[in-house]
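Mapping the sequence shown onto the working numbering, position 227 (from 1) lands on 212, and the numbers just tick up by one.
Note that the Cβ used here is the ideal one computed from N, Cα and C, for glycine as well.
Remember, it's a predicted structure, so these values are computed and weren't measured experimentally.
Remarks on the structure that follows.
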Amino acid sequence: MNKRNTQQRRRAILDLLNLQGEVSVEQLAHHFETSEVTVRKDLAALENNGLLLRRYGGAVQVPHELIQEAAVEKVSERKQILAKAAAELIRDHNRIILDSGSTTAALLPELSHKQGLVVMTNSLSIANALRELENEPTLLMTGGSWDPQSEAFQGQLAEQVLRAYDFDQLFIGADGIDLQRGTTTFNELTSLSRVMAEVAREVVVMVESDKIGRKIHNLELPWSSIKILVTDDKLPASAKQQIEQQGVKVICAPLGSVE
């Protein structure tokens, strides 16, 4: 069976799981007229991507509290504008990492126009949204330990998975930008972000201009790790100049009349 049919079957397995809450290997093998060995491979692949949990003889849904979307809120127009500017940096067949967060999640609709993408993420909500794209990018997940604060997978397992690959680009947000040091965050778990930056040839930070100059005690990525900053045109010229002096390209997306 070719790759496309495998992907279609796995999506159908998830549809059945969402409908029933649990599925058995025997039921799936009968339903798809395939072997139980094939079904077990499907379930293993889906579990590795964080999309279900295997149980003896079958699988169950991921607990609801793990997949609740912090960003059920509508994506702001500002973030949509940043996403359009950032998406212009992505070429067909690129291998990219999308870190968790509402700013990076705004990229998802823009990815539907790209072909042959490979996308790694540590966010279940981003993974689920990627599965719905018609162009079917290849989805990879970090796995690891669930962190309720960042609503993403973190930890050594996630870092090991990342180090097994190499990527063209990392797209990551920030809670704040320290003009002297780099990106800052409220979250104390910063090691995964740094590994993401290590395995990507180009690090793209997406952040609204009102966060620039906001100093938070946890440094996430130093300027030396960052190649491009995508922000909006409300960024003061003096701040733009300071960032460019760190060797970072600054892209200011025009907000127009958006507040």
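key: Backbone CA spacing between residue 191 and residue 134 [nearest angstrom]   = 20 Å
task = With a threshold of 16 other CB atoms inside 10 Å of the CB of residue 217, please say whether the residue is buried or exposed.
result = buried
request  = Could you tell me which residues DSSP puts in a beta bridge with residue 80?
outcome  = Bridge partners of residue 80 according to DSSP: 103.
key: Any beta strand (DSSP E) of 3 or more consecutive residues that is wholly inside the region 88 to 158   = 103 to 106, 123 to 126, 130 to 132, 137 to 139 and 152 to 157
query = Is DSSP giving residue 40 helix, strand or coil here?
reply = Under the three-state reduction of DSSP, residue 40 is assigned to strand.
request  = Excluding the 5 residues preceding and the 5 following residue 69 in the sequence, name in chain order all residues of the same chain whose CB lies nearer than 8 Å to its CB.
outcome  = 95 and 238
task = Would you give the residue range spanned by the alpha helix (DSSP H) that residue 229 belongs to?
result = 222 to 229
inquiry  = So, with DSSP's three-state summary, where would you put residue 192?
reply    = coil
request  = State the DSSP-derived secondary structure class of residue 186, mapped to helix, strand or coil.
outcome  = strand
task = May I have a chain-ordered list of the beta strand (DSSP E) segments no shorter than 3 residues that lie completely inside the region -9 to 32?
result = Entirely contained in the region -9 to 32, the beta strand (DSSP E) runs reaching 3 residues are, in chain order, 7 to 9.
query = If you draw a straight line from the C-alpha of residue 42 to the C-alpha of residue 6, how long is it?
reply = Straight-line Cα distance between these residues: approximately 14 Å.
query = First and last residue of the beta strand (DSSP E) that includes residue 236?
reply = 234 to 238
task = To the nearest angstrom, report how far apart residue 235 and residue 221 are at their CA atoms.
result = 12 Å
ask   = Name the DSSP beta bridge partners of residue 45, please?
value = 7 and 38
inquiry  = I'd like the span of the alpha helix (DSSP H) that includes residue 75, first residue to last.
reply    = Here residue 75 belongs to no alpha helix (DSSP H), and DSSP marks it neither H nor E.
Proximal residues to residue 21 (C-beta, below 6 Å), its chain only, five neighbours per side dropped = 10 and 14
query = Which value, in whole angstroms, describes the spacing of the CA atoms of residue 149 and residue 195?
reply = 36 Å
task = Going by CA-CA distance only, name the one from -3, 122, 154 and 114 that's closest to residue 212.
result = 154
Counted within 10 angstroms of its Cβ, other Cβ atoms place residue 40 as buried (16 or more) or exposed = Under this definition residue 40 is an exposed residue.
message = For residue 203, report the span of its beta strand (DSSP E) as first-last.
response = 203 to 207
ask   = Can you tell me whether residue 84 is buried or exposed, with buried defined as 16 or more other CB within 10 angstroms of its CB?
value = Under a 10 Å Cβ-count criterion, residue 84 is classified as buried, with 16 or more other Cβ atoms of the shown protein chains found around its own Cβ.
ask   = Would you report the Cα separation of residue 168 and residue 158, rounded to the nearest angstrom?
value = 9 Å
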